[in-house]
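The block underneath contains the structure these notes are about, expressed in structure tokens.
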Amino acid sequence: GLLRPGQMAFVVLVVVAVVLVTVGMATWLSQFFKRPDHTLEKLGVKTTYQRPNPQGAAREAYLQLKDELREKYCKGEDDERQEWMPKLPENEKSMLKYRLMQRAIGDVASLQKIDADARGYWRLFSKGMITRVFWETVMEAERALSQELEAVKFEASCVEPGQDPQGIISEAMQYVMRYGA
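Under full-length UniProt numbering, read the sequence shown as residues 1 to 181, first letter to last.
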């Protein structure tokens with residue numbers, strides 16, 4: 001043939017070397033790109049969005065009072081539908097509504113902060129300046145707060161079944177706009 005045995009061995013050796021170098025480079029590149037970039041972390045930039053004050057204290061104060069009132073007034077009633085809540089004495093019902101309003105005000109204030117942050121972070125994300133992971137934590141904070149606001153509306157509808165549950169959110173919004181959080 002065209003190649004002598006010594007030349008054939010050399011060609012095989014070169015092909016094997018090229019394959020090994022190619023596989024090695026591909027492996028190194030895949031590891032390089034999989035490795036998380038900690039550059040921003042080293043500069044003090046957070047890798048996840050820190051949800052603004054989640055109003056845990058106001059939520060807990062409401063739930064604690066609700067539990068105390070449930071123990072006192074819910075003797076044997078179906079707790080799932082919470083039919084005992086509208087039947088509370090006016091003083092206790094007023095206190096429960098007050099605590100629920102505090103919870104709603106805190107949630108609305110947090111919502112305003114998250115909305116403002118989300119607009120700014122969207123601009124940064126769309127330009128590739130923040131990571132997808134960070135952006136997803138912003139979106140998760142918005143979803144969690146939306147669920148919390150739905151929970152507040154549900155509680156309001158249990159305390160005052162005849163009233164529009166959106167009313168508490170509207171009142172909380174007016175309060176935050178007028179007085180801040």
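Note that the Cβ used here is the ideal one computed from N, Cα and C, for glycine as well.
Worksheet item: Within 10 angstroms of its Cβ, does residue 183 collect 16 or more other Cβ (buried), or is it exposed?
Response: The shown model of the chain, from 1 to 181, leaves out residue 183, and the question about it has no answer.
Worksheet entry | Beta-carbon spacing of Y73, L100 below 8 Å | Locating residue 73 in the sequence shown gives position 73, where the first residue counts as 1. Locating residue 100 in the sequence shown gives position 100, where the first residue counts as 1. No. Outside cutoff.
Discussion item. Does C158 come out as helix, strand or coil in the three-state DSSP assignment?
Written reply: Along the sequence shown, one-based indexing puts residue 158 at 158. Here C158 carries a helix assignment [DSSP, helix/strand/coil].
Fill in: Beta-carbon proximity check, V176 vs Q112, cutoff 8 Å
Here residue 176 refers to the residue found at position 176 of the sequence shown. Here residue 112 refers to the residue found at position 112 of the sequence shown. Yes. Within cutoff.
Practice prompt. Just mark D107 as buried or exposed, buried being the case when its beta carbon has 16 or more other beta carbons within 10 Å.
Written response: Counted from its first residue, the sequence shown places residue 107 at position 107. D107 should be labelled buried.
Discussion item. Using CA atoms only, rank isn't needed, just tell me which of Q102, G24, R70 is closest to A57.
Written reply: Residue mapping note: residue 57 aligns to position 57 of the sequence shown, counting from 1. The shortest C-alpha separation from A57 is found at Q102.
Worksheet item: Assuming L96 contacts V159 under a Cβ cut-off of 8 Å, what Cβ separation, rounded to an integer in Å, is found between them?
Response: Indexing the sequence shown from 1 puts residue 96 at position 96. Indexing the sequence shown from 1 puts residue 159 at position 159. Yes, L96 and V159 are in contact; Cβ-Cβ is about 6 Å, under 8 Å.
Worksheet item: If we ignore side chains and look at the alpha-carbon of each, how far apart do E68 and A104 end up?
Response: Translated into the one-based positions of the sequence shown, residue 68 becomes position 68. Translated into the one-based positions of the sequence shown, residue 104 becomes position 104. Each residue's Cα considered, the two are about 20 Å apart.
Worksheet item: Helix, strand or coil for P165 per DSSP?
Response: As a position in the sequence shown, residue 165 is number 165, starting the count at 1. Looking at P165 - three-state DSSP - the assignment turns out to be coil, as it is neither helix nor strand.
Fill in: Inter-residue Cα distance where the pair is K93 and V152
As a first step, residue 93 is located in the sequence shown; it is residue number 93 there, counting from the start. As a first step, residue 152 is located in the sequence shown; it is residue number 152 there, counting from the start. Going from the Cα of K93 to the Cα of V152 covers about 15 Å.
Fill in: Sequence-distant residues of the same chain with beta carbon closer than 6 Å to A172, five excluded per side
By one-based count along the sequence shown, residue 172 stands at place 172. Around A172, the same chain offers A104, I105, V108 as residues with beta carbons nearer than 6 Å, after the five sequence neighbours per side are excluded.
Worksheet item: Exposed or buried, what is M8 when buried is set at 16 or more other beta-carbons lying within 10 Å of its beta-carbon?
Response: By 1-based counting over the sequence shown, the position of residue 8 is 8. Looking at its Cβ environment, which holds fewer than 16 other Cβ atoms inside 10 Å, M8 is exposed.
Worksheet item: In three-state terms, what does DSSP make of K113?
Response: Counted from its first residue, the sequence shown places residue 113 at position 113. In the structure shown, K113 falls within a helical segment according to DSSP collapsed to helix, strand and coil.
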